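Below you'll find the structure, written out as structure tokens, and then a few comments.
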Amino acid sequence: MKRAAHQIVKRPLLTEKGTKLRETGGHAPGTVAEEDVEPKVFFEVASDANKIEIKQAIEALFNVKVADVHTQIVRGKEKRIGRFLGRRPNWKKAIVTLHKGNKIDFFEGV
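Note that my numbering has the sequence shown beginning at -15, numbered continuously upward.
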């Protein structure tokens, strides 16, 4: 059964590393022309989603062309509150590479 795109893509990850990869595509600044950059965007996705589902969901939600998808499992940290020990859940991160000329703006006009 096919899931809705918003069930696969949970939220964008807005970090310093993600912002740098979105602007440079992983290349050193100034080495590649701005129109030749393939931007990379980070998302938190459903832990049981595969790369094909993630690609289709991103293309449907943001109306862009996806070139590549890399995924990784982020292990949850152990946290202590007083003498009690707990653990945060594991989650999946997707690094989505867009085709040249495509981009996703999360905060337009800010």
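Think of the CB as a built atom: it goes at the ideal place given N, C-alpha and C, for glycine as much as any other residue. Since this is a predicted model, take the numbers as computed values, not measurements.
From Lys77 to Gly66, what does the alpha carbon distance come to, in whole angstroms? About 30 angstroms.
CB Ile79 to CB Ala30, shorter than 8 angstroms? No. Outside cutoff.
Check whether the Cβ atoms of Pro23 and Arg(-5) sit closer than 8 angstroms, and answer yes or no. No, these two residues do not count as a Cβ contact at 8 angstroms.
Following a CB-centred definition, is Lys49 positioned closer than 7 angstroms to any heavy atom of the ligand ADP? You won't find the ligand ADP in this model; it holds no ligand whatsoever.
Taking just the CA atoms, how far does Arg71 sit from Phe90? C-alpha of Phe90 to C-alpha of Arg71: approximately 30 angstroms in a straight line.
Would you call the CB atoms of Val50 and Leu(-2) closer than 8 angstroms? Note that the C-beta distance between Val50 and Leu(-2) is not below 8 angstroms.
Suppose contacts are defined by Cβ-Cβ distances below 8 angstroms. Is Asn86 in contact with Val53 by that definition? Inclusion of Asn86 and Val53 in the CB contact set at 8 angstroms is not warranted, their separation being larger than that value.
DSSP-derived helix/strand/coil call for Lys49: Reduced to three states, the DSSP call for Lys49 is coil.
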